[in-house]
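In terms of our numbering, the sequence shown opens at residue 18 and continues consecutively. We treat Cβ as the ideally placed atom computed from N, Cα and C, and that holds for glycine. To start, the structure under review is shown below, and the notes come after it.
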Amino acid sequence: MNFLVGDIVTNARSCLDMSIDSIWKNYNLDRKGVVVQFPLEDNYQAKLARDMRFRKFIGRLDHRFVRVIEQSQPHYSGGSLDIPRNITALFISHLSNANKHRNITPVVMHFSSSIVGTRANMGMKLHKIVDRLHSGAPLRFVLSYDPNRNRESDIRRYLTVAAERPRSSPLIIGITQKLVIDRQSIPLSPLHVPEREFNIPAGFDELLNNVPTYIALTLRNLNRVHDAVQAGDDDVFLDFNAGL
Numbered sequence: 018m019n020f021l022v023g024d025i026v027t028n029a030r031s032c033l034d035m036s037i038d039s040i041w042k043n044y045n046l047d048r049k050g051v052v053v054q055f056p057l058e059d060n061y062q063a064k065l066a067r068d069m070r071f072r073k074f075i076g077r078l079d080h081r082f083v084r085v086i087e088q089s090q091p092h093y094s095g096g097s098l099d100i101p102r103n104i105t106a107l108f109i110s111h112l113s114n115a116n117k118h119r120n121i122t123p124v125v126m127h128f129s130s131s132i133v134g135t136r137a138n139m140g141m142k143l144h145k146i147v148d149r150l151h152s153g154a155p156l157r158f159v160l161s162y163d164p165n166r167n168r169e170s171d172i173r174r175y176l177t178v179a180a181e182r183p184r185s186s187p188l189i190i191g192i193t194q195k196l197v198i199d200r201q202s203i204p205l206s207p208l209h210v211p212e213r214e215f216n217i218p219a220g221f222d223e224l225l226n227n228v229p230t231y232i233a234l235t236l237r238n239l240n241r242v243h244d245a246v247q248a249g250d251d252d253v254f255l256d257f258n259a260g261l
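Written as structure tokens, this is what we have:
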């Protein structure tokens, strides 16, 4: 598993870097004084403001390529604790850097389950209360409901039927698993909380699902810009995925 994680993030990073190298070669851009690689920055605007070499790198690119790069960066939009758009970029950046300096070993997977039951058109949801210290039985649940739509008698009948006749019960239990890469976390630095850093676990599901999607979208946008430049078009439509 550790080699799979390392391959995913390192190859993803290489795809982005090779795309920038291809742009530099195709347009005969000056390499002097710049690092020719795709930037994945925790804070793109701060990097642009303080790093002259980075500004020089950006300045040598067509503004439409710059649009793709900017759109691909983590973007903090606000909130009590920002989970940025394009957090996948942070996964690629931080885990590929870790993989360069050491094998991500051992990769231990944490399993946790969340159980939610719903009753159609009734506005009721049954949530498992997760016990982080212990796993397994006994399970504890909390019922959430809309008091404007449900009376106490509805709730009691709902729970009674669910307990006494589970096969005919309207309660639907769905189980999902969240796989977390042990001892690997992604630092978040919300702009409205200066000099504070928060860590979230590196999820294996995000690597398997989001990294390929993020890479394909970014490369597709770079290729669209290239086609537009070659055709002499002034503007280009870029794909966007807010779920990455």
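Exclusion of the five residues before and after residue 90 leaves 56, 57, 58, 61, 103 and 106 as the residues of its chain whose Cβ lies within less than 8 Å of its Cβ. CA-to-CA, the gap between residue 82 and residue 236 works out to about 11 Å.
Under a 10 Å Cβ-count criterion, residue 168 is classified as exposed, with fewer than 16 other Cβ atoms of the shown protein chains found around its own Cβ. Residue 46 places its beta carbon 8 Å or farther from that of residue 67. Rounded to whole angstroms, the separation of the alpha carbons of residue 223 and residue 80 is 30 Å.
Nearest C-alpha to residue 28 among 245, 114 and 74: 114. Contact annotation: residue 205 and residue 217 have beta-carbon atoms nearer than 8 Å. Here residue 202 is bridged, per DSSP, to 218. Counting of Cβ neighbours within 10 angstroms places residue 85 among the buried residues, the total reaching 16 or more.
Only exposed fits residue 209, as fewer than 16 other CB atoms lie within 10 angstroms of its CB. With fewer than 16 other CB atoms across the displayed protein chains lying within 10 angstroms of its CB, residue 163 is exposed.
Taking each of 213, 220, 214 and 30 in turn and checking the Cα distance to residue 117, the smallest one comes out for 30. For the pair residue 228 and residue 108, the CB atoms are nearer than the 8 Å cut-off.
Cβ contact annotation for residue 94 (same chain, cutoff 8 Å, sequence separation greater than five): 101 and 102, in chain order. Taking a 10 Å sphere around the C-beta of residue 250, we find fewer than 16 other C-beta atoms and assign the residue as exposed. Around the CB of residue 99, 16 or more other CB atoms lie within 10 Å, so the residue is classed as buried. Taking the CA atoms as reference points, residue 33 sits about 19 Å from residue 70. Only residues of its own chain outside the window of five on either side were considered, and among them 37, 38 and 41 have a CB closer than 7 Å to the CB of residue 53, listed in chain order.
Taken through DSSP and simplified to helix, strand or coil, residue 26 comes out as helix.
Residue 87 and residue 160 have their alpha carbons spaced roughly 43 Å apart. In the structure shown, the three-state DSSP call for residue 102 is strand.
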